[in-house]
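*Asks:* First the structure, then my questions, so here it is.
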Ligand SMILES: *[C@@H]1O[C@H](CO)[C@@H](O)[C@H](O)[C@H]1NC(C)=O
Ligand SMILES: *[C@@H]1O[C@H](CO)[C@@H](O)[C@H](O)[C@H]1NC(C)=O
């Protein structure tokens, strides 16, 4: 029984790469400090952008997380089941869903590891990620250059092979490459495009750990239309959720928002307790993080204009209003979903958008969603 479940877990976590040279053969992966057989590697989907110092070169903002490979989720499952049960939530028949969602919550980050990421058509090694400092706790965020090889490609796959002899594995991510012009869409996730019930802890635990994710009705269609009307904008999902939920959110966007895929910027938090992770989704200080991510996007794409979409449960109105004040017309338009139970008072929106022209933001209800597609944001409407 033990052995069977061991192999099942491996089959889920590992993709075989027969055909590619193994790390042992090409010399990578055999030195101390590189990601190896006892590690897990997550590469986040990344934005690609033109190098301001050398147009024609493509840069990517590459984030990776290296952790100790976990084969047995039994202990962390037990801890989580007990913790949420104390809050009145029973796992019931959602054990498989739960185990898929919590993999990273119990993950032990490994500092000081590096990995080589390759991109088809680009000379190897295209990009080195990771850190040799012992204090990064496994999370690395670096800007790396791909050189001239990728400048005209809109979407490409970044791959890292690791694991070594007898046990080669790969981790992959998509790079969303976009020019420094045109439009982008900055979007929140929880309660903007996905029903998370951030304002209700029990419902939030269920939607985050136990249930199939549900989109906010009409939003996948709206985003599909924005992908056309804004001429293939760069969609970037900026969420206050901890990165431990990234695989779940990424799958949701890939499947439910397949016409508007893009990188997800999630918070870097060292959370090992699932209930803390959930509480973080509802109470965390998302404001500072989100403002910093919008500033980061402005550095990558100084000449892009952005449509910013969020909701009234947390601090999106305050973040988008403050971002307009810092970046002016680059934040071309903000749309805020009015969520029942949140602070939807006129005073709140007036304070959040003080100094922002009234034709640069809009508070919408669910009934308004279909008509948002008719607003010609590309022509300056909002
Ligand atoms: C992530 O958080 C850890 C712990 O606070 C820190 O050591 C690390 O530098 C952070 N990494 C990034 C990329 O922000
Ligand atoms: C709503 O937000 C405004 C502005 O921040 C604040 O003054 C007011 O007290 C808030 N109301 C509630 C019910 O929280």
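Residue numbers (mature numbering (1 follows the signal peptide of the UniProt record, and there is no 0)): -19 to -1, 1 to 363. Beta carbons are placed, not taken as given, at the ideal position from N, Cα and C, and that holds for glycine. Since the model is a prediction, treat every value here as computed from it, not as a measurement.
Which residue spans inside the segment 7 to 71 form an unbroken alpha helix (DSSP H) run of at least 4?
*Replies:* As far as the segment 7 to 71 is concerned, its whole alpha helix (DSSP H) runs of at least 4 residues are 55 to 67.
*Asks:* Short check: CB of residue 141 to CB of residue 22, under 8 Å?
*Replies:* Cβ atoms of residue 141 and residue 22: closer than 8 Å.
*Asks:* Given a cut-off of 8 Å on the beta-carbon distance, is the pair residue 72 and residue 191 in contact?
*Replies:* Cβ atoms of residue 72 and residue 191: closer than 8 Å.
*Asks:* Quick one: what does DSSP say residue 361 is sitting in, helix, strand or coil?
*Replies:* It is coil, neither helix nor strand.
*Asks:* Near residue 237, which residues of its chain fall below 6 Å by C-beta distance, leaving aside the five closest residues on each side in sequence?
*Replies:* Contacts found: 196 and 201.
*Asks:* Just the Cα atoms here: how many angstroms apart are residue 91 and residue 46?
*Replies:* Spanning the two alpha carbons is a distance of roughly 8 Å.
*Asks:* For the candidate residues 277, 267 and 164, whose alpha-carbon lies nearest to that of residue 359?
*Replies:* For residue 359, the nearest C-alpha among the options comes from 164.
*Asks:* Whole-angstrom Cβ separation of residue 315 and residue 341, contact assumed at under 8 Å?
*Replies:* Confirmed, Cβ separation roughly 7 Å.
*Asks:* Considering Cα atoms alone, identify which of 18, 225 and 295 is closest to residue 96.
*Replies:* It is 18.
*Asks:* Does DSSP put residue 319 in a helix, a strand or coil?
*Replies:* In the structure shown, residue 319 sits in coil (DSSP, three-state: anything other than H, G, I, E or B).
*Asks:* For residue 132, report the span of its alpha helix (DSSP H) as first-last.
*Replies:* Here residue 132 belongs to no alpha helix (DSSP H), and DSSP marks it neither H nor E.
*Asks:* Could you give the distance in angstroms between the alpha-carbon of residue 175 and the alpha-carbon of residue 66?
*Replies:* For residue 175 and residue 66, the distance between alpha carbons rounds to 24 Å.
*Asks:* Do residue 121 and ligand 1 come close, with the Cβ less than 7 Å from some heavy atom?
*Replies:* Checking every heavy atom of ligand 1 against the Cβ of residue 121, one is found closer than 7 Å.
*Asks:* Out of curiosity, what's the CA-to-CA distance linking residue 398 and residue 257?
*Replies:* In the structure displayed, the chain extends from -19 to 363; residue 398 sits before or after that span and is not available.
*Asks:* Going by DSSP, name the residue or residues bridged to residue 289.
*Replies:* Beta-bridge pairing links residue 289 to 167 and 315.
*Asks:* Mapping the DSSP letters down to three states, classify residue 208 as helix, strand or coil.
*Replies:* Residue 208: helix per DSSP, three-state reduction.
*Asks:* Excluding the 5 residues preceding and the 5 following residue 9 in the sequence, name in chain order all residues of the same chain whose CB lies nearer than 7 Å to its CB.
*Replies:* Only weak support exists for where residue 9 lies, its pLDDT of 32 falling under 50; the value from the coordinates is given anyway. Closer than 7 Å at Cβ, skipping near neighbours: 15 and 97.
*Asks:* Following the continuous beta strand (DSSP E) through residue 123, name the residue where it begins and the one where it ends.
*Replies:* Note, residue 123: beta strand (DSSP E), 120 to 128.
*Asks:* Find out if the Cβ-Cβ distance for the pair residue 42, residue 281 is shorter than 8 Å.
*Replies:* Yes, they are a contact pair.
*Asks:* For residue 7, which residues of its own chain have a beta-carbon under 8 Å away from its beta-carbon, when the five flanking residues on both sides are left out?
*Replies:* Residue placement at residue 7 cannot be trusted, given a pLDDT of 27 that sits under 50; what the coordinates show is reported in the next sentence. The answer is none, since no qualifying residue turns up.
*Asks:* Pull up the CB-CB distance for residue 216 and residue 243, whole angstroms please, since I reckon it's below 8 Å.
*Replies:* Going by Cβ atoms, the distance from residue 216 to residue 243 rounds to 3 Å, so yes, they are a contact pair.
*Asks:* Would you grab the beta carbon distance between residue 219 and residue 274 for me? Rounded to a whole angstrom, and I think it's under 8 Å.
*Replies:* Indeed, because the Cβ distance is near 5 Å, the residues count as touching under 8 Å.
*Asks:* Does the Cβ-Cβ distance between residue 364 and residue 50 come in under 8 Å?
*Replies:* Lying outside -19 to 363, the shown extent of the chain, residue 364 is not represented and no answer is given.
*Asks:* Classify residue 209 as buried or exposed, calling it buried when 16 or more other Cβ atoms lie within 10 Å of its own Cβ.
*Replies:* Residue 209 is exposed by the Cβ-count criterion.
*Asks:* How many Å lie between residue 385 and residue 245 at the Cα?
*Replies:* As shown, the chain starts at -19 and ends at 363. That puts residue 385 outside it, with no answer to give.
*Asks:* Kindly identify the DSSP beta-bridge partner or partners of residue 418.
*Replies:* Here the chain covers residues -19 to 363 and nothing more, so residue 418 does not appear.
*Asks:* Which residue marks the beginning of the alpha helix (DSSP H) containing residue 237, and which one marks its end?
*Replies:* Its alpha helix (DSSP H) spans residues 227 to 237.
*Asks:* In the structure shown, what three-state DSSP assignment does residue 372 receive?
*Replies:* Any question about residue 372 goes unanswered here, given that the chain covers just -19 to 363.
*Asks:* So, is residue -1 buried or exposed, given that buried needs 16 or more other C-beta atoms within 10 angstroms?
*Replies:* Interpretation of residue -1 is limited by its pLDDT of 25, a score under 50 that renders its predicted location unreliable; the figure taken from the coordinates is listed afterwards. Result: exposed.
*Asks:* Going by the DSSP bridge assignment, what does residue 175 pair with across the sheet?
*Replies:* Residue 175 pairs with 171 and 196.
*Asks:* Could you tell me the alpha carbon to alpha carbon distance between residue 2 and residue 70, rounded to whole angstroms?
*Replies:* Low confidence applies to residue 2: its pLDDT is 25, below 50, so where it sits in the model is not reliable enough to give any reading.
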